[in-house]
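Protein chains in written order, with our numbering: chain A, 45 to 307; chain B, 45 to 307; chain C, 45 to 307.
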């Protein structure tokens, strides 16, 4: 079923508008292109909402905020919601500063369809967990499951907590996605790029759980493959090659996705 | 004759000031360095015009605009014009939003020597074509030739429309440049990097047509070579290596540049 | 002794906050991660000072300035100083524009622990040298030694001048670091990434000279190794792999660091 979604991404090449951080723009755009989607890295207050009128999905990433970008995020998200297009939130280092906590809370309040973060970030969104000194996950994924369920319940969003293994929930179902490699923690913006891929899959189906699962499985499988490269520099190159070469059927192979709990 | 220009770029290492988008800065700077030019990614309102006083060419790219950048673009372009240095415009996704249309029009009005875009972007500059949902070319190159001629006529600029094949015109002559590979559409900022290379070549000759042709031929040849890499990640790496290794004589090999029409 | 510092970086994974330029963010973050440190690319006026309260070192890089960033730099540096955490300054193209000269001077005045630049940049900081048209060093390293000593004397900072060979001084001692390869001048942001690594080492020891030397030796050794790649694209990938694979003992091998003068 996930392979079918990848086929649709490649057929439709959905326009995924990313209002993302400076560090992640390049890798996110390249990951979307490698997969078969079409990136639009458009964040200016003067045009973000207008561009959202053309976009098939909108991805909000708070990695490097400033007031005009926050305003643009709200504008683009409002247009996406009005057009019934998915909005994805990546709460980078949400617990690190008051500005991030407030911005995340305000974006969640106005409505987000899918949240993708590490355990520290997901816990920060519900007011708990480590203080989240940066973008590193200092909490294990499991520790965030309660926070993820609570967040899904209060916002209606699908919440994906990613790390050495990924867990996602819509408040009822819980799915686990396995794969990847520890070297992925040594390359910047992998998580941000993953959030962009969530946007690409969410653009081609109304099933938010399936879209998020497909994106997570894509990164886990391609990350595992790319880990045979010789180091983090080679890994990044190999990851893009793997996204490009990924066969839809690989997403449905056994051992990648497991349903842990049904509602 | 194009090989001679590449030799000059490597001898003079012209300082190419780029006011370009966040996604393209890294690849543009690296492409310029790999070729043998010297990049200056300086766009702040507080210093862009002053830096243009040192630059051998100025490249304006509207990929991620904001009001201070637009102001800096006008300031840098004015200094370049006053110093008789070339100004290159890359109208990224010009048709996508009103902000881009207005900014492109204003920059064209104040004077640009060379325009480099895909077919949708070139058509958008004369008020036609697809709406240009993003940076992808949704129009074939040929469809933009009339728009390119019209634009060249009204502005006096050399206009290059790039895609599966490239066409450039100064309103009279029409040249075609062949090569490249479809995988180039799966890597972000290749077109933007090409516009920077146009700036490097335009910095070492007053012949705008020759400079633009040399830059297009450079990308077509290096792109073809790099396409033997395994995917879009490897391609990007191989492209920079190819720019570095390019022999001047390769630019004058048969089958790359063809004159389609003379005035 | 330098190997011990690398071991400490990998054990402590210090949080290095970088207020750096758009071109260098990606490579700097990846270099820090590859080495074993933890990057925080946080520069917004709204949160930079708060983040500095969590950071083990703060790196200021003036490559792409704007007024809000300059304000954030002062805020983050003040917090770092109050917490006795090291502040590193990378005066990119300091001589090119008045804005850069003024910003560098103001940052130096408020207190910086380590300065890392090329010869033209270091000379510009004391009001001499080439005008520094861009980020390229147009002066030889040796020509900047007097300026470096003067700067170290007037500011109390360790001053590292890097190029074909590196010299660093605290005003009394002078050390030379050898290695690297000329292809490093064909890849953007290598110097900026090096300044980030200086921050990582300075985060784990109070010995500013040893920290700076260890960072310079790290880049010289890894740059030499990566130079066996086929061109500047491959070099960048190989450099990150080399940082990841670097053995602590390699930093103490003979022929890398030499003491030229003791106070």
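Quick reminder that beta carbons are idealized off the backbone N, C-alpha and C, glycines included. Computed from a predicted model, the values in this text were never measured in an experiment.
By the criterion of Cβ-Cβ separation under 7 Å, what are the contact partners of residue i in chain E?
| i | result |
| --- | --- |
| residue 281/A | The structure shown has no chain E; the protein chains it does contain are A, B and C. |
Could you tell me whether the Cβ of residue i comes closer than 8 Å to any Cβ of chain B?
| i | result |
| --- | --- |
| residue 70/C | yes |
| residue 105/A | no |
| residue 74/A | yes |
| residue 143/A | no |
| residue 176/A | A caution first: residue 176/A carries a pLDDT of 47, below 50, which makes its placement in the model unreliable, though a value can still be read off. Cβ-Cβ to chain B under 8 Å: no for residue 176/A. |
| residue 87/A | yes |
| residue 35/C | Nothing in the structure corresponds to residue 35/C, since chain C is present only between 45 and 307. |
Within 10 angstroms of the Cβ of residue i, are there 16 or more other Cβ atoms? Answer buried if so, exposed if not.
| i | result |
| --- | --- |
| residue 304/B | exposed |
| residue 171/C | exposed |
| residue 176/C | Confidence at residue 176/C is low in this model, with a pLDDT of 47, below 50, so the placement of that residue is unreliable and no value is reported for it. |
| residue 240/C | buried |
| residue 298/C | exposed |
| residue 221/B | buried |
| residue 278/B | buried |
| residue 198/C | exposed |
| residue 127/A | exposed |
| residue 90/C | buried |
| residue 117/B | buried |
| residue 285/B | buried |
| residue 213/A | buried |
Counting only beta-carbon separations shorter than 8 Å, does residue i have a partner in chain C?
| i | result |
| --- | --- |
| residue 206/A | no |
| residue 285/B | yes |
| residue 146/B | no |
| residue 95/B | yes |
| residue 247/A | no |
| residue 294/B | no |
| residue 78/B | yes |
| residue 101/B | no |
How many angstroms separate the CA atom of residue i from the CA atom of residue j?
| i | j | result |
| --- | --- | --- |
| residue 165/A | residue 201/B | 50 Å |
| residue 141/C | residue 93/B | 10 Å |
| residue 61/C | residue 72/C | 11 Å |
| residue 236/B | residue 302/A | 42 Å |
| residue 64/B | residue 88/B | 11 Å |
| residue 263/C | residue 211/B | 44 Å |
| residue 149/A | residue 265/C | 46 Å |
| residue 261/A | residue 156/B | 47 Å |
| residue 105/C | residue 136/C | 7 Å |
| residue 225/B | residue 283/B | 12 Å |
| residue 295/C | residue 47/C | 5 Å |
| residue 69/B | residue 51/B | 24 Å |
| residue 186/A | residue 215/A | 15 Å |
| residue 147/B | residue 115/C | 29 Å |
| residue 145/A | residue 191/C | 45 Å |
| residue 232/B | residue 276/B | 9 Å |
| residue 161/B | residue 229/B | 13 Å |
| residue 308/A | residue 45/A | Chain A is shown only over 45 to 307; residue 308/A falls outside these bounds and no answer can be derived. |
| residue 193/C | residue 152/C | 15 Å |
Using a Cβ-Cβ distance cut-off of 8 Å, determine whether residue i contacts chain A.
| i | result |
| --- | --- |
| residue 66/C | yes |
| residue 231/B | yes |
| residue 83/C | yes |
| residue 46/C | no |
| residue 110/B | yes |
| residue 98/C | yes |
Can we count residue i as close to the ligand ATP, meaning its CB is less than 7 Å from some heavy atom?
| i | result |
| --- | --- |
| residue 293/C | The ligand ATP is not part of the structure shown, which contains no ligands of any sort. |
Residue i and residue j: beta carbons closer than 8 Å?
| i | j | result |
| --- | --- | --- |
| residue 59/B | residue 100/B | yes |
| residue 246/A | residue 112/A | no |
| residue 138/C | residue 169/C | yes |
| residue 102/C | residue 96/C | yes |
| residue 223/B | residue 268/B | yes |
| residue 53/B | residue 244/B | yes |
| residue 206/B | residue 85/A | no |
| residue 49/C | residue 204/C | no |
| residue 217/A | residue 306/A | yes |
| residue 242/C | residue 158/C | yes |
| residue 66/C | residue 143/A | no |
| residue 287/A | residue 75/A | yes |
So, do the region 116 to 130 of chain C and the region 68 to 82 of chain C have three or more beta carbon pairs nearer to each other than 8 Å?
no
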